[in-house]
Amino acid sequence: MGAGHSHGEGQSRRRLGVVLGLTAVVFLAEVLGAVVTGSLALLTDAGHMLVDVLGLGMAFFAAGLMLRPATGRRTWGLRRAEVLAAGAQATLLTVVGLYAVGEGISRLADPPEVPGPELLAFGVVGLAANVIGLLVLHGGRHQGLNMRAAFLEVAADALGSVAVIAAAAVIWTTGWTRADAVAGILIAVIIIPRAFFILREVLHILLEGTPPQIDVGEVRRHILSRPHVLGVHDLHISLIDSKMPVLTAHVVLEDECFRDECAPEILQDLQACVGEHFEPAITHSTFQLERAGHARREHLAGLCGASDDAPGSRRGRLS
Numbered sequence: 136m137g138a139g140h141s142h143g144e145g146q147s148r149r150r151l152g153v154v155l156g157l158t159a160v161v162f163l164a165e166v167l168g169a170v171v172t173g174s175l176a177l178l179t180d181a182g183h184m185l186v187d188v189l190g191l192g193m194a195f196f197a198a199g200l201m202l203r204p205a206t207g208r209r210t211w212g213l214r215r216a217e218v219l220a221a222g223a224q225a226t227l228l229t230v231v232g233l234y235a236v237g238e239g240i241s242r243l244a245d246p247p248e249v250p251g252p253e254l255l256a257f258g259v260v261g262l263a264a265n266v267i268g269l270l271v272l273h274g275g276r277h278q279g280l281n282m283r284a285a286f287l288e289v290a291a292d293a294l295g296s297v298a299v300i301a302a303a304a305v306i307w308t309t310g311w312t313r314a315d316a317v318a319g320i321l322i323a324v325i326i327i328p329r330a331f332f333i334l335r336e337v338l339h340i341l342l343e344g345t346p347p348q349i350d351v352g353e354v355r356r357h358i359l360s361r362p363h364v365l366g367v368h369d370l371h372i373s374l375i376d377s378k379m380p381v382l383t384a385h386v387v388l389e390d391e392c393f394r395d396e397c398a399p400e401i402l403q404d405l406q407a408c409v410g411e412h413f414e415p416a417i418t419h420s421t422f423q424l425e426r427a428g429h430a431r432r433e434h435l436a437g438l439c440g441a442s443d444d445a446p447g448s449r450r451g452r453l454s
């Protein structure tokens with residue numbers, strides 16, 4: 136299983152490398168085009184492309200870090216580099232989108248002259264490169280948050296190029312130069328919600344949120360349905376990266392399970408249970424098995440502790 140992960144992540148990194156090279160070339164072309172034409176749409180898309188070059192560069196670097204093995208200091212390796220890279224990409228995209236909205240509103244009031252034919256040529260070049268990038272990333276777009284963020288970035292670039300082409304066609308055929316500012320604002324409208332969506336997902340992982348596809352209540356019910364299981368408490372499910380859920384739980388068993396030495400079989404059954412019945416599969420699970428008597432004593436100790444700490448308790452009056 137580990138080798139399969141490494142092969143898939145290595146392939147994802149190669150895809151990212153190809154698209155990073157394409158995006159860098161398009162960015163340079165659009166900077167040149169923005170200087171030549173003075174187009175806000177092209178400048179905004181160039182700014183978006185710069186963010187994508189930085190973002191894809193971070194994604195490429197993070198994909199390499201994720202391949203590093205675990206160590207004594209980092210027992211999960213550097214798998215969360217993917218999440219941090221995606222968060223940085225989303226933050227940069229938000230900044231570019233907000234700038235484009237402000238500059239677009241300003242240019243609607245005082246539109247500069249923008250040559251339509253030149254703008255159209257640069258828009259076509261950008262769209263062609265983005266379509267190639269989408270084809271390269273298409274097969275790996277479901278391989279983690281990093282790849283999904285990269286695919287969405289390039290998809291937004293393609294839509295931005297379409298907006299540039301549409302603005303160029305309007306300016307060329309009608310002379311309405313405000314079309315450039317409108318296109319710039321539309322590109323920003325595409326960018327900002329996508330950036331917020333990625334940021335929300337990043338924060339969910341960093342705050343140890345439950346994977347959205349997994350229902351904790353359903354997991355609890357499934358564990359309780361196993362033979363000899365009396366109770367479940369301290370059940371936690373979180374994500375190490377966007378595709379690796381982990382589970383920890385205390386499971387209360389009938390006392391005779393420990394006398395009959397069948398607890399190891401039950402542990403194996405529980406791990407298979409959560410590893411096979413849920414999507415994504417919870418392949419990293421840790422169960423602490425407890426006797427019913429031990430669980431009752433812990434529960435009573437917890438109640439006594441809460442009582443002792445309550446206002447007006449015996450401990451409170453003595454102190």
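Following the working numbering, the residues of the sequence shown are numbered contiguously, the last one being 454.
Even glycine gets a Cβ: it sits at the ideal position worked out from N, Cα and C.
Predicted, not measured: the structure shown is a model, and the values here were computed from it.
For Ile320, the CB contacts under 7 Å within the same chain, skipping 5 residues up- and downstream, are Ala235, Val236, Gly239 in chain order. Per DSSP, the unbroken alpha helix (DSSP H) holding Arg335 starts and ends at 313 to 341. Straight-line measurement puts the Cα of Ile322 at about 21 Å from the Cα of Gly310.
Take Arg355, set aside five residues on each side of it, and the residues of its chain with a beta-carbon closer than 7 Å to its own are Val367, Leu370, in chain order. Rounded to whole angstroms, Ala302 and Arg313 show a C-alpha spacing of 9 Å. Segment contact: the segment 170 to 177 against the segment 335 to 348, fewer than three CB-CB distances shorter than 8 Å; contact not assigned. Bounds of any beta strand (DSSP E) do not take in Phe257; it lies within the alpha helix (DSSP H) bounded by 251 to 273. Of the candidates Leu255, Pro399, Phe413, Ala244, Leu255 places its Cα closest to the Cα of Val305. The continuous stretches of beta strand (DSSP E) do not include Ser241, which lies in the alpha helix (DSSP H) extending over residues 216 to 244. In the three-state DSSP reduction, Ile349 falls in the coil class, being neither helix nor strand.
Per the coordinates, the alpha-carbon of Asp404 lies some 18 Å from the alpha-carbon of Pro380.
Going by C-alpha positions, His357 is about 43 Å away from Val154. Closest by C-alpha distance to Gln348, out of Met201, Leu334, Ala384, Pro415, is Pro415. Judged by DSSP in its simplified three-state form, Thr206 adopts coil rather than helix or strand.
By the neighbour-count definition (other C-beta atoms within 10 Å, threshold 16), Pro362 is an exposed residue.
Note on geometry: alpha-carbon atoms of Val289 and Leu269 lie some 6 Å from one another.
By alpha-carbon distance to Ala285, the top candidate from Ser296, Gly261, Gly222, Pro252 is Gly222.
Under the three-pair Cβ rule at 8 Å, the segment 246 to 263 does not count as touching the segment 211 to 226.
Residue environment analysis places Gly182 among the buried positions, since at least 16 neighbouring C-beta atoms fall within 10 angstroms of its C-beta.
In this structure, the alpha-carbon of Asp376 lies about 5 Å from that of Arg215.
The DSSP-derived three-state label of Asp390 is coil. Sorting Ala298, Asp315, Pro346, Val351 by C-alpha distance to the C-alpha of Ile326 places Ala298 at the top.
Taking all protein chains in view, the Cβ of Arg335 is surrounded by fewer than 16 other Cβ atoms within 10 Å, so the residue is classified as exposed. Distance check between Lys378 and each of Leu177, Gly344, Leu191, Pro399 places Gly344 closest, using alpha-carbon atoms only.
In the structure shown, Ala285 falls within a helical segment according to DSSP collapsed to helix, strand and coil.
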